[in-house]
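For reference, the structure is listed below as structure tokens.
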Amino acid sequence: MPDPVTVSNSSALIALESIGRLDLLRQLYGTVTIPPAVARECGLTLPTWFSVQTVQNQGMAQSLSVNLGPGESEAIALASEQSVARVILDDKKARRTARQLGLPVTGLLAVLLQAKQQGVVSSIREVIAELTVVQFYISESLVEETLRRAGE
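The sequence shown: position 134 = 115 (our numbering), numbered continuously.
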């Protein structure tokens, strides 16, 4: 049986790469699947554990792009074509759209919480501090809730 698929938008990838913690995703999920628009938005040389897959339903991606960015639109369309364990999205509109389509949505803070629970990171507070230095916006209430759930 294949590993559950994780699809991601670019924001979490860019944020984790900018603090030197992109490998955290590999440690948690193995392969991370992204559409071409996300690969372009990242502007990174991606490690081999990323799988870039073309969206088959371009019509869906185009209709989603009326309200969302290209990376978000393609990530949601790609996730809807596969049996995914999660789609990593942080934009509120994108998350709402993905949920309306019945997709299992997670954000970067939930990824960090999972990383702590699995012993991949020892302190979420430390990672959040690093993210704020690189201008990754996280609401204070969400930070507080995540830290509470992590016991920090």
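The C-beta atom is built at its ideal place from N, Cα and C for all residues, glycine as well.
Given the structure is predicted, the values throughout are model-derived calculations rather than measurements.
Sequence-distant residues of its chain with Cβ nearer than 8 Å to residue i (five each side left out)
i           : result
residue 94  : 105, 127, 130 and 131
residue -18 : With a pLDDT of 37 at residue -18, under the threshold of 50, the predicted position of this residue should be treated as unreliable, and no value is reported.
residue 7   : 13, 28 and 30
residue -4  : 89, 112, 115 and 117
residue 71  : -10, -8, -7, 88 and 89
Distance between beta carbons of residue j and residue i, contact taken as under 8 Å
i          : j          : result
residue 68 : residue 47 : Going by Cβ atoms, the distance from residue 68 to residue 47 rounds to 19 Å, so no, they are not a contact pair.
Inter-residue Cα distance where the pair is residue i and residue j
i           : j           : result
residue 34  : residue 17  : 7 Å
residue 63  : residue 36  : 10 Å
residue 122 : residue 73  : 15 Å
residue 148 : residue 23  : There is simply no residue 148 to check, as the chain begins at -18 and stops at 133 in what is shown.
residue 25  : residue 125 : 31 Å
residue 4   : residue 21  : 19 Å
residue 42  : residue 103 : 38 Å
residue -13 : residue 10  : 7 Å
residue 80  : residue 49  : 14 Å
residue -2  : residue 107 : 15 Å
Host alpha helix (DSSP H) of residue i (start-end)
i           : result
residue 114 : 105 to 114
Beta-carbon proximity list for residue i, same chain, < 6 Å, skipping 5 on both sides
i           : result
residue 2   : none
residue 32  : 12 and 14
residue -15 : 66
Element boundaries [beta strand (DSSP E), containing residue i]
i           : result
residue 122 : Per DSSP, residue 122 belongs to no beta strand (DSSP E); it is in the alpha helix (DSSP H), 121 to 131.
residue 54  : Careful: residue 54 lies outside any beta strand (DSSP E), inside the alpha helix (DSSP H) at 51 to 62.
residue 68  : 65 to 69
residue -14 : -14 to -11
Nonlocal neighbours in the same chain, by C-beta distance under 7 Å from residue i, ignoring five residues either side
i           : result
residue 109 : 119 and 124
- Item | Segments assigned alpha helix (DSSP H), at least 4 residues, entirely inside the segment 0 to 48 | 4 to 10, 17 to 23 and 39 to 45
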